[in-house]
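> In the working numbering, the protein residues as written are 4 to 485.
By construction, the Cβ of each residue, glycine as well, lies at the ideal position given by its N, Cα and C atoms.
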């Protein structure tokens with residue numbers, strides 16, 4: 004009988020070396036109160052019961068890897084890992100917005116060298132500023148477009164590009180340092196470390212891709228090509244933005260999932276549902292499966308629309324047809340303007356279609372309008388379907404809330420896009436429009452996270468916590484019976 008009491012207090016007693024217990028032993032509750040004949044045993048029992056009252060929170064709080072019981076459990080990433088990833092994704096968000104402002108203010112070609120380490124510091128003396136300005140004077144952009152720029156003008160565009168690069172360096176340090184720490188301390192599993200290491204590698208690749216993009220605007224061949232405008236390649240700009248959005252999506256969704264798993268392991272709800280088994284059965288329903296597939300497709304459409312916006316920015320396509328919903332008094336421009344033969348470079352005109360789609364400003368803007376309208380209508384339809392009684396009855400509560408937030412963000416984004424077009428692309432509105440695309444992507448990622456099952460580690464830790472609480476309740480009842 005004394006052994007039963009020790010089993011009830013096993014989380015703390017195991018740390019004291021009283022006995023090493025298995026998970027099956029932990030789950031065994033105390034059913035009867037012993038008849039104590041020794042005052043020393045009574046004192047031990049009271050100590051054990053007090054320790055069990057705090058054992059349940061101790062298990063998860065420490066992610067207890069020091070006890071024999073915890074060693075059989077998979078590693079559950081603590082909430083701090085999720086918060087770190089969310090802060091990293093916020094940094095990526097800031098980089099995307101600052102990068103958009105850099106493009107809008109035509110500042111991206113002001114720094115003509117890529118110095119990942121020494122470039123952290125800007126010019127500190129007048130002589131250093133003059134040297135940097137002289138380098139910029141050799142660029143096609145200065146010779147063709149900004150030959151009248153003063154040193155004061157140069158300082159402004161230099162600091163815009165320098166701030167963008169500095170944020171990129173800060174992201175690298177803020178991500179890699181904690182990743183190494185969490186890996187050494189075994190706060191994350193090997194699979195999670197590999198996944199996050201991949202994101203860290205992507206950060207480095209993003210920096211290299213950014214410089215590759217800038218080089219396209221510094222090419223001296225732009226001076227020889229008639230009618231060429233010195234600016235970065237829209238293809239490389241779209242690749243640069245696409246990689247940034249991939250980084251953001253990876254950090255945001257992983258961090259949000261870790262935080263939700265951590266809360267669930269401590270007994271919290273999952274997507275607003277109390278019963279996990281019921282939630283799992285809900286995900287198997289055909290209507291919910293269809294809704295999830297549609298949510299994935301809509302997320303991809305949001306991403307595609309954002310990438311088409313990079314082509315609009317790269318070609319300054321927002322400065323043509325500044326009206327909505329018509330284009331020159333028509334729903335679409337003339338066919339010979341959308342598919343202009345002047346953009347084809349091959350003798351047989353076989354590249355007519357794809358070059359107009361990616362290089363003709365009129366076609367690029369029209370495509371972005373079509374994609375944006377399709378995205379908005381799709382978001383409206385998916386939100387409306389989530390409000391139907393049949394689907395609303397089975398969707399998790401948090402999914403319905405997340406879908407409403409996504410539709411609200413879609414409305415804001417449409418208004419920002421139309422305003423940016425009508426007012427000839429002012430920097431504040433255009434930057435807000437680019438930020439809105441990332442926020443709409445975030446809203447859809449949240450919808451997808453609410454439709455996933457709790458992680459395997461979170462489910463096991465939740466079971467351990469429940470068993471510890473049962474043991475604590477049993478020990479408390481035994482003490483009161485005494």
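Hey, residue 448 and residue 256: beta-carbon distance below 7 Å or not?
For the purposes of this step, residue 448 is identified with residue 445 of the chain shown, where counting begins at 1. For the purposes of this step, residue 256 is identified with residue 253 of the chain shown, where counting begins at 1. Yes.
> How about residue 552 and residue 367: do their beta carbons lie closer than 7 Å?
Outside the shown range of the chain, which is 4 to 485, sits residue 552, and nothing can be said about it.
> Give a yes or no on whether the C-beta atoms belonging to residue 237 and residue 317 are separated by under 7 Å.
As a position in the chain shown, residue 237 is number 234, starting the count at 1. As a position in the chain shown, residue 317 is number 314, starting the count at 1. Yes.
> In chain order, what residues of the same chain have a beta carbon less than 8 Å from the beta carbon of residue 361, not counting five sequence neighbours either side?
Within the chain shown, numbered from 1, the residue matching residue 361 stands at position 358. The answer, listed in chain order, is 237, 238, 314, 367.
> What residues in its chain sit with their C-beta under 6 Å from that of residue 175, if we drop five residues either side in the sequence?
Residue mapping note: residue 175 aligns to position 172 of the chain shown, counting from 1. Hits under 6 Å: 206.
> Residue 465: buried (16+ other C-beta within 10 angstroms of its C-beta) or exposed?
The residue given as residue 465 occupies position 462 in the chain shown. Answer is buried; the Cβ neighbour count reaches 16.
> Looking at residue 94 and the ligand ADP, is the gap between the Cβ and the nearest heavy atom below 6 Å?
Looking for the ligand ADP in the displayed structure turns up nothing, as the structure carries no ligands at all.
> Sort 232, 228, 84, 202 by Cα distance to residue 246 and report the nearest one.
Taking the first residue of the chain shown as position 1, residue 246 is located at position 243. For residue 246, the nearest C-alpha among the options comes from 202.
> Which same chain residues end up closer than 6 Å to residue 437 when comparing Cβ atoms and leaving out the 5 residues on each side of it in sequence?
As a working note, residue 437 is residue 434 in the chain shown. If we look at residue 437 and ignore the five residues flanking it on each side, its Cβ neighbours are 103.
> Identify the continuous alpha helix (DSSP H) that holds residue 110 and give its terminal residues.
Mapped onto the chain shown, residue 110 falls at position 107. Taken as a continuous stretch (DSSP letters only), residue 110 belongs to no alpha helix (DSSP H), as it is neither H nor E.
> What's the call for residue 401, buried or exposed, on a 16-neighbour Cβ count within 10 Å?
Position 398 of the chain shown, counting from 1, holds the residue named residue 401. Residue 401 is buried by the Cβ-count criterion.
> Please list, in chain order, all residues of the same chain as residue 488 whose beta carbon is under 8 Å from its beta carbon, the five residues on each side excluded.
Outside the displayed range of the chain (4 to 485) lies residue 488, so it cannot be described from this structure.
> For residue 430, which residues of its own chain have a beta-carbon under 7 Å away from its beta-carbon, when the five flanking residues on both sides are left out?
Along the chain shown, read from residue 1 onward, the residue named residue 430 stands at position 427. So the list reads 104, 107, 108, once near-sequence residues are dropped.
> Going by other Cβ atoms of all chains shown within 10 Å of its Cβ, with 16 needed for buried, is residue 263 buried or exposed?
Here residue 263 refers to the residue found at position 260 when the chain shown is read from its first residue. Burial call: buried.
> Residue 333 by DSSP, collapsed to three states: which one?
The residue labelled residue 333 in the question sits at position 330 within the chain shown. Strand, per DSSP.
> What would DSSP say about residue 117, mapped onto helix, strand or coil?
Your numbering for residue 117 matches position 114 in the chain shown. The answer is coil: DSSP assigns residue 117 none of H, G, I, E or B.
> State buried or exposed for residue 487, treating a residue as buried only when at least 16 other CB atoms are found within 10 Å of its CB.
The requested residue 487 does not occur in the structure, where the chain is confined to residues 4 to 485.
> Any contact between the segment 175-193 and the segment 80-92? By contact I mean 3 or more CB pairs, one from each, below 8 Å.
Yes, they touch.
> Less than 8 Å between the CB atoms is what I'm expecting for residue 403 and residue 395, so what's the real figure, rounded?
By one-based count along the chain shown, residue 403 stands at place 400. By one-based count along the chain shown, residue 395 stands at place 392. About 6 Å separates the two Cβ atoms, so the contact holds.
> Evaluate contact between the segment 131-139 and the segment 154-167, counting only Cβ atoms and requiring at least three cross-stretch pairs below 8 Å.
Yes, since at least three Cβ pairs between the segment 131-139 and the segment 154-167 fall closer than 8 Å, the two stretches touch.
> Use the C-beta contact count for residue 306: other C-beta atoms within 10 angstroms, 16 or more gives buried, fewer gives exposed.
Position 303 of the chain shown, counting from 1, holds the residue named residue 306. By the neighbour-count rule (16 or more Cβ atoms within 10 Å), residue 306 is buried.
> Check each candidate in 284, 226, 302 and name the one with the smallest Cα separation from residue 409.
Taking the first residue of the chain shown as position 1, residue 409 is located at position 406. Of the candidates 284, 226, 302, the one whose C-alpha sits nearest the C-alpha of residue 409 is 302.
> Can you tell me the Cβ-Cβ gap for residue 199 and residue 112, rounded? I've got them flagged as a contact below 8 Å.
Against the chain shown, residue 199 aligns to sequence position 196. Against the chain shown, residue 112 aligns to sequence position 109. Not a contact, Cβ separation roughly 33 Å.
> Once you ignore the five residues that flank residue 190 on each side, which residues in its own chain have a CB closer than 7 Å to its CB?
Within the chain shown, numbered from 1, the residue matching residue 190 stands at position 187. Only 80, 81, 84 meet the Cβ criterion.
> For residue 196, collect the residues of the same chain with a Cβ closer than 6 Å to its Cβ; drop the 5 residues on either side in sequence, then sort them by chain order.
Within the chain shown, numbered from 1, the residue matching residue 196 stands at position 193. Contacts found: 186.
> Taking the alpha carbon of residue 325 as the point to measure from, which residue in 365, 358, 354 has its own alpha carbon closest?
The residue you call residue 325 lines up with position 322 of the chain shown. Checking every option, the nearest Cα to that of residue 325 belongs to 365.
> Would you tell me roughly how many angstroms separate the C-alpha atoms of residue 144 and residue 233, rounded to the nearest one?
Taking the first residue of the chain shown as position 1, residue 144 is located at position 141. Taking the first residue of the chain shown as position 1, residue 233 is located at position 230. Each residue's Cα considered, the two are about 5 Å apart.
> Can you list, in chain order, the residues of its chain whose CB lies under 7 Å from that of residue 110, leaving out five sequence neighbours each side?
Translated into positions along the chain shown, residue 110 becomes position 107. Result list for residue 110: 160, 163, 164, in chain order.
> Give, in chain order, every unbroken run of the alpha helix (DSSP H) that is at least 4 residues long and sits entirely within the segment 129-194.
With a minimum length of 4 residues, the continuous alpha helix (DSSP H) runs that stay inside the segment 129-194 are 129-140, 143-147, 154-187.
> If we ignore side chains and look at the alpha-carbon of each, how far apart do residue 459 and residue 265 end up?
The count along the chain shown starts at 1 and reaches residue 459 at position 456. The count along the chain shown starts at 1 and reaches residue 265 at position 262. Going from the Cα of residue 459 to the Cα of residue 265 covers about 12 Å.
> Looking at the unbroken alpha helix (DSSP H) that takes in residue 78, where does it start and where does it end?
On the chain shown, residue 78 is found 75 positions in, with the first residue counted as 1. It is not in any alpha helix (DSSP H) - residue 78 carries neither H nor E in the DSSP assignment.
> For the alpha helix (DSSP H) holding residue 317, just list the boundary residues, first then last.
Working through the chain shown from its first residue, we reach residue 317 at position 314. 289-317 is the extent of the alpha helix (DSSP H) around residue 317.
> Compute the Euclidean distance between the alpha carbons of residue 147 and residue 363, then round it to the nearest angstrom.
Position 144 of the chain shown holds residue 147. Position 360 of the chain shown holds residue 363. Using only the alpha carbons, I get a separation of about 21 Å.
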